[in-house]
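Here is the structure we will look at.
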Amino acid sequence: MKIAMVGAGYVGLVTGVCLADFGHEVICLDRDADKIRALQDGIIPIYEPGLAELVKANTEAGRLSFSHEMKAAIGASDVVFVAVGTPSRRGDGHADLSYVYAAAREIAASLEGFTLVVTKSTVPVGTGDEVARIIAAENPNADVLVVSNPEFLREGAAIEDFKRPDRIVVGIEDERARAVMTEVYRPLYLNQAPLLFTSRRTAELIKYAANAFLAMKVTFINEIADLCDRTGADVQQVAQGMGLDKRIGAKFLHAGPGYGGSCFPKDTLALAKIGQDNDAPMRLVEATIAVNEQRKRAMARKIVAACGGDVRGRTIGILGLTFKPNTDDMREAPSIDIIRGLQDRGARIVAFDPQGMAAAEAVLDDVRFADSAYAVAEGADALVLVTEWNAFRSLDLARLKSLMAAPVFVDLRNVYRAPEMVRHGFTYASLGRPDAA
Ligand code: NAD
1 MKIAMVGAGY VGLVTGVCLA DFGHEVICLD RDADKIRALQ DGIIPIYEPG LAELVKANTE
61 AGRLSFSHEM KAAIGASDVV FVAVGTPSRR GDGHADLSYV YAAAREIAAS LEGFTLVVTK
121 STVPVGTGDE VARIIAAENP NADVLVVSNP EFLREGAAIE DFKRPDRIVV GIEDERARAV
181 MTEVYRPLYL NQAPLLFTSR RTAELIKYAA NAFLAMKVTF INEIADLCDR TGADVQQVAQ
241 GMGLDKRIGA KFLHAGPGYG GSCFPKDTLA LAKIGQDNDA PMRLVEATIA VNEQRKRAMA
301 RKIVAACGGD VRGRTIGILG LTFKPNTDDM REAPSIDIIR GLQDRGARIV AFDPQGMAAA
361 EAVLDDVRFA DSAYAVAEGA DALVLVTEWN AFRSLDLARL KSLMAAPVFV DLRNVYRAPE
421 MVRHGFTYAS LGRPDAA
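Numbering follows this note's numbering, in which position 436 of the sequence shown is assigned residue number 436; successive positions increment by one, without gaps.
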């Protein structure tokens, strides 16, 4: 099957290469000519484990190619996926659909023969109707069906998630389209991944509902962690006790500094707006957004408190900047608010992240970047573990302490255990756990 992928970002690139790996002939298109040139030269613009190897293998096998020339590629394709960004619209938080609509117009002009246009981008309910309207207006003779096929992969585990999904959601109520989509995903279908066919609007809403629910779950345990702090209970045991209940499940019950990333913040905001626009307010989601927003600055206050109430002129070392491990993505990372909160109180910041420093440099001011956790510790008045990269899970604590000006360690991911840290002479703070047991 011939497939075009419009948008070669995190989702487009991973989806494109995985579909090529299934045996389809895939061309990834992006209007960013530099990105396409880099990909043509074998340079992968993002960090995602296993991606570079898979791109190389499929390019060499002749199943995967890259271009910024849309017309010929779209005309030759049976299926055109749209995987462009849908960021929050500046000012009001609605999903910005300008990239999706621009892509729809460009695709419309180039369609030849029966083609599916499949929206992978996360889009509000009813966007598929508008994409169909745009295509019909631009190219009234096009033999086209517009499908919703939201993506659920997680950055950092994207290839595994794509190849072993919990489910594939396909929103279209047309037999011809259903047959084509079944063919696209046949290898996964054979692996028993449930292919869930729904209406287009339902598929669009499933994606937002799933993301908002996960964001709510994270935020719930974060609030429980705060309550544990006030009451002496242990949030990790509370989470374990809750998670063993199969109706609840153990995942997404890890207390942390607040969710971030390219999806949860914008998708919760967009769902709240969709609810308001449809007179069905999403009050739980609205509360989740507000709680999470306040939490990131509250983490800065927690760090200041751990430093004795004042960080002016002190050096705070930050371990981990990306919104989660195994990605270089800095979009909406909690580290940004935490660092700004500390800088507002006069702290100097030194930081290290295994993959995210180039992206971090573009969004953070006045941060000194070091090349290891130990270089961060040198002369620091406190260390803060913000992102739980594996590289930070078994640090040489004696060495760290010997390098620091003051042995304060704030663990915003509950990676270490209080007794161990105290034994090494640290003043240790974490989330929702008795700090010195
Ligand atoms: P991204 O910003 O990494 O990539 C988007 C790409 O689209 C960019 O390379 C951009 O140059 C390109 N683009 C924009 N307009 C174009 C056009 N008209 N023609 C060709 N290329 C164009 O975004 P992403 O993180 O891959 O997210 C894409 C969509 O997938 C979003 O709607 C997002 O919500 C959704 N999603 C993302 C994730 C994730 O983990 N990143 C997971 C699931 C769903």
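Note that the Cβ used here is the ideal one computed from N, Cα and C, for glycine as well.
On a predicted model such as this, the values are computed, not experimentally measured, just so you know.
- Proximity of the beta carbon of Arg154 to the ligand NAD is indicated: a heavy atom of the ligand is located closer than 7 Å.
- Where Ser394 is concerned, there is no enclosing beta strand (DSSP E), because DSSP gives it neither an H nor an E.
- In the DSSP secondary-structure assignment, Thr198 is bridged to Gly171.
- A direct Cα-to-Cα measurement between Val79 and Val304 gives close to 53 Å.
- Under a 10 Å Cβ-count criterion, Ala373 is classified as buried, with 16 or more other Cβ atoms of the shown protein chains found around its own Cβ.
- A distance below 7 Å between beta-carbons, with the five flanking residues on each side excluded, links Ser199 to the following residues of its chain, in chain order: Gly171, Glu173.
- Assignment of Asp411 by DSSP, reduced to helix, strand and coil, places it in the strand class.
- Ala193 places its beta carbon less than 8 Å from that of Pro165.
- A distance below 8 Å separates the beta carbons of Ala377 and Leu383.
- Here Pro334 is near Pro257, since their CB atoms are less than 8 Å apart.
- The three-state reading of DSSP puts Ile318 in strand, counting E and B together.
- Rounded to whole angstroms, Lys302 and Val410 show a C-alpha spacing of 9 Å.
- In this structure, Ala362 has its beta carbon at no less than 7 Å from each heavy atom of the ligand NAD.
- Its chain contains Thr86, Ala95, Leu97, Val100, Glu204 as the residues whose beta carbon lies nearer than 7 Å to that of Val123, once the 5 sequence neighbours on both sides are disregarded; these appear in chain order.
- Taking the Cα positions, Gly275 is about 29 Å away from Ala177.
- Looking only at Thr202, Tyr185, Asn390, the smallest Cα-Cα distance to Leu195 is reached by Tyr185.
- In this structure Val311 touches Leu342 by the C-beta definition: roughly 6 Å separates them, less than 8 Å.
- DSSP places Lys2 inside the beta strand (DSSP E), whose first and last residues are 2–6.
- Beta-bridge pairing by DSSP links Tyr428 to Phe409.
- For Ser148, the beta-bridge partners assigned by DSSP are Thr119, Gly171.
- Assignment of Ser77 by DSSP, reduced to helix, strand and coil, places it in the coil class.
- Bridge pairing for Ala382: Ile316 [DSSP].
- Ranked by Cα distance from Leu284, the options Lys163, Ser430, Ala215, Phe81 are led by Ala215.
- A buried status is given to Gly260, since no fewer than 16 other beta-carbon atoms sit within 10 Å of its beta-carbon.
- Proximity of the beta carbon of Arg31 to the ligand NAD is indicated: a heavy atom of the ligand is located closer than 7 Å.
- With a contact defined as Cβ atoms closer than 8 Å, Ala406 and Asp381 qualify at about 5 Å.
- Relative to the ligand NAD, the beta carbon of Ser121 is positioned inside 7 Å of a heavy atom.
- The alpha carbon of Leu412 has as its nearest neighbour, out of Asp396, Ala429, Leu403, the alpha carbon of Ala429.
- Residue range 10–21 is occupied by the alpha helix (DSSP H) that includes Cys18.
- Judged by their CB atoms, Val218 and Cys228 are not nearer to each other than the 8 Å cut-off.
- In the same chain as Gly356, and ignoring 5 residues on each side of it, the C-beta atoms closer than 7 Å to its own belong to Leu321, Thr322, Asp328, Met330, in chain order.
- Shown here, Ser262 sits in coil according to DSSP, grouped into three states, outside any helix or strand.
- The Cβ neighbour count for Asp353, taken over all protein chains shown within 10 Å, is at least 16; the residue is labelled buried.
- In this structure the region 109–125 does not touch the region 29–36; the number of beta carbon pairs closer than 8 Å is below three.
- Between Gly249 and Gly241, the CB-CB gap reaches or exceeds 8 Å.
- In this structure, the straight-line span from the alpha carbon of Gly313 to that of Val386 is close to 21 Å.
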